[in-house]
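Reviewing the structure listed below.
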Amino acid sequence: MVICSSVRRLSGGKTVKVDVEVIDGNIKDIVISGDFFLYPEEYIHVIESKLKGRGMSDIVKVLKEFKDSVEIVGASLDEFAEAVLEAYKVCVSR
Amino acid sequence: MWRLIIDENNVYRNMAIDEALLILKDRGLTPNTVRLYVFNPSAVTIGYFQRVDDSVNLEFLKANNIDLTRRISGGGSVYHDVNGEITYSVITSISDISYNISESYRIICSGIVNAISEFGLKAEFIPINDVVVGGRKVSGSAQSRRKSALLQHGTLMYGTDLNILANTLKAPKEKLRDHKVTSIFERVTTISRELGRAVGREEVINALIKGFSKALNADFVRGWYTDEEVGLADSLVGKYKSDEWIFQR
């Protein structure tokens, strides 16, 4: 089991860290953590759950699905997608 | 008319009370309330989205009997020093503050800025959720919302032991690089440190009462919890003590 991580500073000053496990090009497990503010908070679990089983081409699409249901103060869903992609790419380049 | 409660509990009960008041406010069963409280014994809270291993030094916490729990609110890790920090909570209808989340942080944090000005210090609100004096952080806040109610809780460090704080919390390396400094110690300060004298708990509480009264345009009436609030808080304490909640990520 290989966990790959990315850490990035969001535009509003907070930090997001993505820990991801990728098997055969698909996300097996993922945790999006950090000191950011996402509302409603519980949706982080929904986002993580929807990313599981998906490959690189789906990551941006999955996060866009939350544009009307989630608000991140000081960051955009695009920034979260970039963080997930960064961690994913670390894994598949190994 | 707002209710003012001044209180002291362990970390699990403090977080349980905050959640209970938010839930009951959302159901229209609790008045707008400001809590000013102390964590006894000293404790650490981490934000809802944080990983324990990335945010706190667990070995140091265990060796020094410092309690730990996870908040329902986002944001970063906080060291609550029993002898150097007051925590506030504002529990209110969203409609009484602002539907805009960033604006509501600014309004409520202005209570902290006002309180610090009572000591003759110039404080500044730095969005999203910080208050700084001379560029160093003295206060951080975090807000959680339900359909019609919000809870914002936050710190005011008046005499926090910064050595313990620096040993207790871990800051992400990426974040420090951006701040262009190397340690928590250089990024944070306390009211006592800025004034060059030891400030007492009562002084800080009185300043916070004045500060929030002005920020919220609120007349406070000292009060206490209802039986319903106590009952709900009692039922939530176990969650905050559980490894399942604390180590969920």
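Protein chains in written order, with my numbering: chain C, 1 to 94; chain A, 95 to 343. Glycine included, each C-beta is placed from N, C-alpha and C at the ideal position.
Check your understanding: Any C-beta of chain C sitting closer than 7 Å to the C-beta of Ile222 of chain A?
Key -> Reading the second sequence from its first residue, position 128 is the one you call residue 222 of chain A. Output row for Ile222 of chain A: interface = yes.
**Study point:** Neighbour-count burial assignment, Ala157 of chain A, 16 or more Cβ in a 10 Å radius
**Key:** As a first step, residue 157 of chain A is located in the second sequence; it is residue number 63 there, counting from the start. Counting Cβ neighbours within 10 Å, Ala157 of chain A comes out exposed, since fewer than 16 surround it.
Check your understanding: Closer than 7 Å, CB to CB, is Val73 of chain C near chain A or not?
Key -> The residue you call residue 73 of chain C lines up with position 73 of the first sequence. Val73 of chain C counts as touching chain A.
Exercise for review: Mind checking the region 128-155 of chain A against chain C and listing, in chain order, the residues whose C-beta falls within less than 7 Å of any C-beta there?
Suggested key: Residues Gly141, Tyr142, Phe143, Gln144, Arg145 and Asp148.
Practice item. Give a yes or no on whether the C-beta atoms belonging to Val70 of chain C and Tyr43 of chain C are separated by under 7 Å. Key: In the first sequence, counting from the first residue as 1, residue 70 of chain C sits at position 70. In the first sequence, counting from the first residue as 1, residue 43 of chain C sits at position 43. In contact: Val70 of chain C and Tyr43 of chain C (Cβ atoms closer than 7 Å).
Practice item. Would you mind stating whether Lys67 of chain C and Leu51 of chain C have Cβ atoms separated by less than 7 Å? Key: Counted from its first residue, the first sequence places residue 67 of chain C at position 67. Counted from its first residue, the first sequence places residue 51 of chain C at position 51. No.
Review point. Taking Thr262 of chain A as the reference, which of A:Leu302, A:Glu153 and A:Glu280 has the closest Cα?
Key: Here the question's residue 262 of chain A lines up with position 168 in the second sequence. Of the candidates A:Leu302, A:Glu153 and A:Glu280, A:Glu153 places its Cα closest to the Cα of Thr262 of chain A.
Point to revise | Proximity below 7 Å, CB of Ser238 of chain A to CB of Ser167 of chain A | key: Within the second sequence, residue 238 of chain A is the residue found at index 144, counting from 1. Within the second sequence, residue 167 of chain A is the residue found at index 73, counting from 1. For Ser238 of chain A and Ser167 of chain A, yes; Cβs fall inside 7 Å.
Review point. Name the chain C residues that come within less than 7 Å of Gly169 of chain A, Cβ to Cβ?
Key: Taking the first residue of the second sequence as 1, we reach residue 169 of chain A at position 75. By Cβ distance, chain C contributes Asp35 and Phe37.
Review point. Looking at the C-beta of Ile44 of chain C, does it have a partner C-beta in chain A at a distance below 7 Å?
Key: The residue given as residue 44 of chain C occupies position 44 in the first sequence. True, the Cβ-Cβ gap to chain A drops below 7 Å.
Practice item. Check whether the Cβ of Gly120 of chain C lies closer than 7 Å to any Cβ atom in chain A. Key: Missing from the structure shown is residue 120 of chain C; chain C here goes from 1 to 94 and no further.
Exercise for review: For Gln144 of chain A, count neighbouring Cβ atoms within 10 angstroms of its own Cβ and tell me buried if that reaches 16, exposed if not.
Suggested key: Sequence index remark: in the second sequence, residue 144 of chain A carries index 50 (1-based). The residue is buried, with at least 16 neighbouring Cβ atoms inside 10 Å.
**Study point:** Pairwise C-alpha distance: Val2 of chain C and Ile191 of chain A
**Key:** Residue 191 of chain A sits at position 97 when you count from the first residue of the second sequence. Residue 2 of chain C sits at position 2 when you count from the first residue of the first sequence. Distance between the alpha carbons of Ile191 of chain A and Val2 of chain C is about 46 Å.
Check your understanding: Would you say Ile188 of chain A faces chain C, with C-beta separation under 7 Å as the test?
Key -> Position 94 of the second sequence, counted from the first residue, corresponds to residue 188 of chain A. No, no contact with chain C.
**Study point:** When A:Ser171, A:Ser189, A:Gly122 and A:Asp148 are compared against Val138 of chain A, the one with the closest alpha-carbon
**Key:** As a working note, residue 138 of chain A is residue 44 in the second sequence. Closest option to Val138 of chain A, Cα to Cα, is A:Ser171.
Review point. Does any CB atom of chain A fall closer than 7 Å to the CB of Glu41 of chain C?
Key: Walking along the first sequence from the start, residue 41 of chain C turns up at place 41. Yes, contact with chain A.
**Study point:** Among A:Tyr106, A:Arg97, A:Met95 and A:Trp96, the one whose alpha carbon lies nearest that of Asp337 of chain A
**Key:** On the second sequence, position 243 is the one that residue 337 of chain A refers to. For Asp337 of chain A, the nearest C-alpha among the options comes from A:Tyr106.
Practice item. Give a yes or no on whether 7 Å exceeds the smallest Cβ distance from Gly106 of chain C to chain A. Key: Nothing can be reported for residue 106 of chain C: it is not among the residues displayed for chain C, which extend from 1 to 94.
Review point. Taking Cβ to Cβ, would you say Ile185 of chain A is nearer than 7 Å to Leu250 of chain A?
Key: As a working note, residue 185 of chain A is residue 91 in the second sequence. As a working note, residue 250 of chain A is residue 156 in the second sequence. No, these two residues do not count as a Cβ contact at 7 Å.
Review point. For Val73 of chain C, which of C:Pro40, C:Ser49, C:Glu82 and C:Arg54 has the nearest alpha-carbon?
Key: By one-based count along the first sequence, residue 73 of chain C stands at place 73. For Val73 of chain C, the nearest C-alpha among the options comes from C:Pro40.
Point to revise | Per-residue contacts from Val144 of chain C into chain A (C-beta, under 8 Å) | key: Shown here, chain C extends from 1 to 94; a query on residue 144 of chain C therefore has no answer.
Check your understanding: Residues bridged to Lys231 of chain A by DSSP?
Key -> The residue labelled residue 231 of chain A in the question sits at position 137 within the second sequence. A:Val226 and A:Val282, per the DSSP bridge assignment.
Check your understanding: Does the region 120-134 of chain A come close enough to the region 223-236 of chain A to have 3 or more Cβ pairs within less than 8 Å?
Key -> no
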